[in-house]
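> In UniProt numbering, the protein residues as written are 1 to 256.
Have a look at the structure that comes next, please.
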């Protein structure tokens, strides 16, 4: 029987929860970094961590900047305007966490996946574009089309009359996202495994961009190849179902 433990740790200066089988101790294990969503915190994804850790996977739940214990007193609106800077810093944190895990020899055979919910799924797509050493990923309600999603956000903020910067400045910031836009650089994914879950009725991060990317990648894989997988759940909104969580865990243990 597995005895799972949860530890508050810091990897590369990034606060995180570390979940693993006590019987394995500090021996190398296949490892998953799982990033939380916007306005959430690392401990809110312990249900995902449990499903993965009980299958023998080491799980690290990092805290994103301006969230949880790294909140720093911003208002919700101030934090919203920092959405993309939080995501970009999460990429830097991903590198720092990986370096720390490798230094401690906690990752078995460099088998490191990244995953995340909503903002964490968006971050995961950028990490796959940026880091070839990530072996695969799982995107729960995320979006690989960074430019498209940023433009959707700007449109909504303008309609609400709360957009705080000039169009010129906004365009400059969008251009900085293109390097991490996996949808515009699908070759960067290579043959790495990638899992998507999305609710068809999601109106926070609509599914269309990620599904279009999946369809594009699917054409490059063999028929029946489940290294690329998309679960589109009918009537589901912006909340991962239990079925989605379990499907992700089962798929991950097969491919990590």
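Cβ coordinates follow ideal geometry from the N, Cα and C atoms, glycine included.
Which residue from 7, 209, 239 puts its Cα closest to that of residue 143?
209
> Give the secondary structure of residue 207 by DSSP, where H, G and I count as helix, E and B as strand, and everything else as coil.
Here residue 207 carries a coil assignment [DSSP, helix/strand/coil].
> Is there contact between the stretch 120–129 and the stretch 166–186, where contact requires at least three CB pairs shorter than 8 Å?
yes
> Out of 71, 56, 8, 252, state which residue places its alpha-carbon closest to the alpha-carbon of residue 39.
Its Cα nearest to that of residue 39, the residue 71 stands out among 71, 56, 8, 252.
> What's the call for residue 37, buried or exposed, on a 16-neighbour Cβ count within 10 Å?
Around the beta carbon of residue 37, 16 or more other beta carbons lie within 10 angstroms, which makes this residue buried.
> For residue 256, I'd like the list of residues in its chain whose CB is within less than 6 Å of its CB, leaving aside the five on either flank, ordered along the chain.
30, 111, 113
> Let me see if you follow: with CB-CB separation under 8 Å, is residue 32 close to chain B or not?
Here chain B cannot be found, since the structure has a single protein chain.
> Taking the C-alpha atoms as reference points, what is the distance between residue 229 and residue 200?
Distance between the alpha carbons of residue 229 and residue 200 is about 15 Å.
> May I ask you to list the residues that DSSP assigns as paired with residue 187?
According to DSSP, which records beta bridges pairwise, residue 187 is partnered with nothing at all.
> By alpha-carbon positions, which one of 203, 221, 104 ends up nearest to residue 187?
221
> By how many angstroms is the C-alpha of residue 1 removed from the C-alpha of residue 73?
Straight across, the Cα-Cα distance linking residue 73 with residue 1 is about 42 Å.
> Closest to residue 35 by C-alpha separation, out of 21, 20, 23, 15, would be which residue?
15
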